Amino acid sequence: MPKNSKLLAYALVVFGAAFCLIYPLSMVWPSGWAWHEGMPASNDYFMMIVGVYATLGIFMILAAKNPAANKSLIWFVVWSSVVHAAVMAWEAVRNPAMGGHLVGDVPALLLIAVVLGYLMKRAPAN
Numbered sequence: 090m091p092k093n094s095k096l097l098a099y100a101l102v103v104f105g106a107a108f109c110l111i112y113p114l115s116m117v118w119p120s121g122w123a124w125h126e127g128m129p130a131s132n133d134y135f136m137m138i139v140g141v142y143a144t145l146g147i148f149m150i151l152a153a154k155n156p157a158a159n160k161s162l163i164w165f166v167v168w169s170s171v172v173h174a175a176v177m178a179w180e181a182v183r184n185p186a187m188g189g190h191l192v193g194d195v196p197a198l199l200l201i202a203v204v205l206g207y208l209m210k211r212a213p214a215n
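Counting from 90, one number per residue, gives the positions in the sequence shown under the working numbering.
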């Protein structure tokens with residue numbers, strides 16, 4: 090596996106694991122990772138997002154075995170992370186109570202998008 094593919098595979102595992110850890114992160118740092126007051130499990134919407142991101146994280150980890158065969162999934166992660174970060178940034182600016190997201194999930198999602206996008210651009214074509 091070429092060096093860039095190895096870096097991409099490593100990033101997919103690390104970021105996939107992070108997506109699987111959103112629930113514990115929300116318990117440790119709720120203002121940066123949870124989108125509601127109270128315990129993480131007290132909000133059905135939040136639990137749905139946790140389930141979606143955990144599933145995506147598992148598929149990212151699986152995609153690390155062959156990134157070239159999983160380009161559409163990886164590009165989905167890149168662009169959906171940009172969109173999610175933009176929406177969360179807007180909501181955090183609009184509602185000061187959500188300000189923790191500007192130092193929590195917003196920069197984390199942008200970092201994921203930039204790193205994976207950069208590594209995808211540098212990865213071999215096949």
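Cβ atoms here follow ideal geometry from the backbone N, Cα and C, with glycine treated the same way. This structure is a prediction, so every number in the text was calculated from the model and none was measured.
Check	Outcome
Just confirm the distance between the C-beta atoms of Ala181 and Val171, as a whole number of angstroms; I'd bet it's less than 8 Å.	Contact doesn't hold; Cβ gap of about 16 Å is too wide.
In terms of residues, what are the limits of the alpha helix (DSSP H) holding Trp168?	160-183
For Met136, count neighbouring Cβ atoms within 10 angstroms of its own Cβ and tell me buried if that reaches 16, exposed if not.	exposed
Which value, in whole angstroms, describes the spacing of the CA atoms of Val192 and Leu200?	12 Å
Give me, in chain order, the residues of the same chain whose beta-carbon lies closer than 7 Å to that of Gly206; leave out the 5 immediate sequence neighbours on both sides.	Val167
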